[in-house]
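Colleague: Just so we're aligned: 267 in full-length UniProt numbering is position 267 of the sequence shown, and the numbers increase by one with no gaps anywhere.
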Amino acid sequence: MESTSHFQTLPVELIYCMLDLLDAKDILFSFGHVCRRFYTIAHNYNSLSIKFTYDSPIADIRRLCRVIKPENIVVLSLKNSLYRSKNNIIQLFLRCTFICQMTRLRSLSIGDVEEYDLQTIMHVLITTSTLTSLSLKMNKIKILTNDSIVLLSAMVAIPSLRKLTLVVDRKIIDQILWPNPYTIQELRIRTCTDENLFNILHQLPNLRIFAMNEFNIQSINQIVQRTSYYQLTSFSFNYISISIDKIEFLLSFFPSLIYLKLTTKAIQSYDFGKRFSQWEQEHFIGEKLPLLQKFDFDISFMCDSNQNLESILTPFCTSFWLEEKHWFVTAIYRHDNWGSILTLQSSIFSTEIFPNKLSSNAISYSATTRRSDNALKRSNDWNLRINLSWISMVNIKCLL
Numbered sequence: 001m002e003s004t005s006h007f008q009t010l011p012v013e014l015i016y017c018m019l020d021l022l023d024a025k026d027i028l029f030s031f032g033h034v035c036r037r038f039y040t041i042a043h044n045y046n047s048l049s050i051k052f053t054y055d056s057p058i059a060d061i062r063r064l065c066r067v068i069k070p071e072n073i074v075v076l077s078l079k080n081s082l083y084r085s086k087n088n089i090i091q092l093f094l095r096c097t098f099i100c101q102m103t104r105l106r107s108l109s110i111g112d113v114e115e116y117d118l119q120t121i122m123h124v125l126i127t128t129s130t131l132t133s134l135s136l137k138m139n140k141i142k143i144l145t146n147d148s149i150v151l152l153s154a155m156v157a158i159p160s161l162r163k164l165t166l167v168v169d170r171k172i173i174d175q176i177l178w179p180n181p182y183t184i185q186e187l188r189i190r191t192c193t194d195e196n197l198f199n200i201l202h203q204l205p206n207l208r209i210f211a212m213n214e215f216n217i218q219s220i221n222q223i224v225q226r227t228s229y230y231q232l233t234s235f236s237f238n239y240i241s242i243s244i245d246k247i248e249f250l251l252s253f254f255p256s257l258i259y260l261k262l263t264t265k266a267i268q269s270y271d272f273g274k275r276f277s278q279w280e281q282e283h284f285i286g287e288k289l290p291l292l293q294k295f296d297f298d299i300s301f302m303c304d305s306n307q308n309l310e311s312i313l314t315p316f317c318t319s320f321w322l323e324e325k326h327w328f329v330t331a332i333y334r335h336d337n338w339g340s341i342l343t344l345q346s347s348i349f350s351t352e353i354f355p356n357k358l359s360s361n362a363i364s365y366s367a368t369t370r371r372s373d374n375a376l377k378r379s380n381d382w383n384l385r386i387n388l389s390w391i392s393m394v395n396i397k398c399l400l
């Protein structure tokens with residue numbers, strides 16, 4: 001008499017909940033080979049998630065495509081390499097399966113696709129798709145043909161679409177015809193101009209979340225005052241390259257913001273950092289962004305080697321920051337091969353743990369705002385991280 005484990009007798013609905021945490025390969029080739037019952041469950045499971053990149057073995061792609069039912073795929077992620085010498089994973093997948101049969105596809109992510117393959121995908125999905133999320137990242141293609149632009153405009157107009165990510169060249173963003181009726185609620189793009197931005201916000205009145213990496217706003221003094229965009233509740237500006245005054249001007253159009261994120265990719269000038277630390281954020285937020293609940297920022301800039309961190313943190317130690325908003329700030333000073341760098345970071349809660357964003361080859365110092373026993377305080381932490389090879393190299397240079 002064969003013994004049966006309690007796991008094998010679990011209700012299929014409970015097993016489906018567990019399978020939601022696995023990818024298609026594990027479900028079909030591991031879980032499905034445990035027993036006959038699990039084999040049946042695995043091949044009838046209709047919420048499969050598939051992810052292939054340029055590093056995925058070709059044999060795995062072909063093997064999975066032979067056994068999978070396209071109608072059971074709900075999440076599909078395909079990413080090519082930037083280098084043409086690598087395998088075209090997207091093209092291989094399209095040859096091994098029938099995308100027209102993916103009638104339950106909800107989320108699609110495509111990276112560095114060739115234009116011909118992109119057209120193949122869009123031709124099918126614009127007529128049969130029930131997509132709610134679409135992500136398109138193209139680093140190789142700077143411009144699309146008119147046919148592709150028409151198809152892409154049709155893709156973003158899919159009635160069920162709610163989340164859209166477009167990491168594409170600004171010229172492509174300029175050519176897209178934004179949908180009517182308006183269904184997109186979350187939009188993330190790589191770059192746009194001020195005219196792009198205002199046009200998108202005007203065309204998408206249901207947009208709630210907007211994020212961008214780069215922003216070109218050269219004619220700030222020539223922009224005619226526009227209507228505020230009350231629909232936007234979340235705004236992320238990831239690679240700041242404009243002045244604080246222009247940032248302030250931009251944010252003044254979004255009075256309903258609940259979440260705001262500002263970060264820098266490159267190290268900014270000392271003047272930028274000084275202006276940010278002296279920015280009258282408390283007054284601006286209170287007047288222009290009264291509904292703001294969370295403010296995340298990560299700003300790095302050059303500084304003097306004798307920079308006083310406590311003076312930098314003084315504007316962030318008011319009752320507005322620590323008691324009313326519960327926003328805590330960490331200032332990190334580090335010195336490395338690039339010189340003296342200061343980073344201002346927000347945090348959800350006060351911490352006395354030394355931050356992770358530190359140079360591994362120098363002495364670093366941090367100061368963090370915190371609240372203790374209803375008193376507003378700053379905590380100072382000295383920490384030493386030593387890279388012996390770096391120190392040896394510096395000593396050799398000094399001796400020479």
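Cβ atoms here follow ideal geometry from the backbone N, Cα and C, with glycine treated the same way.
1) Between the Cα of Y16 and the Cα atoms of T9, D26, A42, L28, which residue gives the shortest distance?
2) Determine contact between the region 119-132 and the region 54-70, defined as no fewer than three beta-carbon pairs at a distance below 8 Å.
3) Tell me the rounded alpha-carbon separation between I247 and S49.
4) Return the chain-ordered list of same chain residues with a C-beta closer than 7 Å to the C-beta of I173, the five sequence neighbours on each side being excluded.
5) Around the Cβ of V113, are there at least 16 other Cβ atoms within 10 angstroms (buried) or fewer (exposed)?
6) Determine the closest residue to residue 406 out of N72, H335, D169, with distance taken between C-alpha atoms.
7) Determine the direct distance from the alpha carbon of L10 to that of T314, and round the result to whole angstroms.
8) Closest to Y158 by CA distance: which of S109, T132, A266, Q281 is it?
9) Can you check which of these residues, S256, F254, L251, I242, is closest to residue 405 by C-alpha distance?
10) Do K163 and G111 have their C-beta atoms within less than 7 Å of each other?
11) At which residues does the alpha helix (DSSP H) containing E323 begin and terminate?
12) Considering only the beta carbon of each residue, do L207 and Q231 sit closer than 7 Å?
13) Cα-Cα, which of E323, F272, S366, F254 is closest to L291?
14) For I332 and S366, which I take to be in contact (beta-carbon distance under 8 Å), what is that distance rounded to the nearest angstrom?
15) To which residues of the same chain is S153 closer than 6 Å at the C-beta, ignoring the five residues directly before and after it?
16) Would you identify the three-state DSSP class for N80, choosing helix, strand or coil?
17) Per DSSP, E186 is paired with what?
18) Please confirm if E310 has its CB atom under 7 Å from at least one CB of chain B.
19) Cβ atoms of D117 and I73: under 7 Å apart, would you say?
20) Using the Cβ count rule (16 or more neighbours within 10 Å means buried), how would you classify Y229?
21) How many angstroms separate the CA atom of P70 from the CA atom of S148?
22) Using alpha carbons as the reference points, say which of T233, S346, T369 lies closest to L262.
23) Please state whether the Cβ-Cβ distance between S311 and T343 is less than 7 Å.
24) Output the boundary residues of the beta strand (DSSP E) element that contains M302.
25) I'd like to know whether the C-beta atoms of W321 and F295 end up nearer to each other than 7 Å.
26) How would you label R36, buried or exposed, when you count the other beta carbons within 10 angstroms and need 16 or more for buried?
27) If you run the structure through DSSP and keep just helix, strand and coil, what is Q345?
28) Could you give the DSSP three-state label for A331: helix, strand or coil?
29) Report the three-state DSSP secondary structure of F52 (helix, strand or coil).
30) Determine the burial state of M18: buried for a count of at least 16 other Cβ atoms within 10 Å of its Cβ, exposed for fewer.
31) Does L289 come out as helix, strand or coil in the three-state DSSP assignment?
32) I184: which of Q203, P57, D194, F52 sits nearest, CA to CA?
33) Pick from T103, S77, E115, I68: whose alpha carbon is nearest that of T97?
34) Within 10 Å of its beta-carbon, does A24 have 16 or more other beta-carbons around it, so buried, or fewer, so exposed?
35) Counting along the chain, where does the alpha helix (DSSP H) carrying T40 start and finish?
36) Count the other C-beta atoms from every protein chain shown that fall within 10 angstroms of the C-beta of F7, then say buried if there are 16 or more, exposed otherwise.
Modeller: The structure says:
1) When only C-alpha atoms are compared, the closest one is A42.
2) The region 119-132 makes no contact with the region 54-70; the number of CB pairs closer than 8 Å stays below 3.
3) Cα to Cα, the separation comes out at about 39 Å.
4) Cβ within range, chain order: L166, I189, C192, N196.
5) Buried: at least 16 other Cβ atoms inside 10 Å.
6) Because the chain in this structure spans residues 1 to 400, residue 406 falls outside the shown range and cannot be described.
7) Roughly 58 Å between the two C-alpha positions.
8) According to the sequence as given, residue 158 is Ile; it is not Tyr. With distances taken between Cα atoms, I158 lies closest to T132.
9) Shown here, the chain extends from 1 to 400; a query on residue 405 therefore has no answer.
10) No, these two residues do not count as a Cβ contact at 7 Å.
11) Run containing E323: none; DSSP gives neither H nor E here.
12) Q231 is positioned such that its CB atom lies closer than 7 Å to that of L207.
13) Checking every option, the nearest Cα to that of L291 belongs to F254.
14) The beta-carbon distance between I332 and S366, rounded to whole angstroms, is 5 Å. This is short enough to meet the 8 Å contact definition.
15) Cβ within range, chain order: I176, L177.
16) Here DSSP, grouped into helix, strand and coil, assigns N80 to coil.
17) Paired residue(s): K163, I209.
18) No chain B appears in the structure shown, which is made up of a single protein chain.
19) The answer is no: Cβ separation not under 7 Å.
20) Buried: at least 16 other Cβ atoms inside 10 Å.
21) Going from the Cα of P70 to the Cα of S148 covers about 25 Å.
22) Residue S346 is the option with its Cα nearest to L262.
23) Contact flag unset, no.
24) Element bounds for M302: 294-302.
25) A distance of 7 Å or more separates the beta carbons of W321 and F295.
26) The residue is exposed, with fewer than 16 neighbouring Cβ atoms inside 10 Å.
27) Strand at Q345.
28) Residue state, collapsed to three classes: strand.
29) Strand at F52.
30) M18 comes out exposed.
31) Coil.
32) Closest option to I184, Cα to Cα, is Q203.
33) When only C-alpha atoms are compared, the closest one is I68.
34) Label assigned to A24: buried.
35) T40 -> alpha helix (DSSP H) spans 36-44.
36) Classification for F7: exposed.
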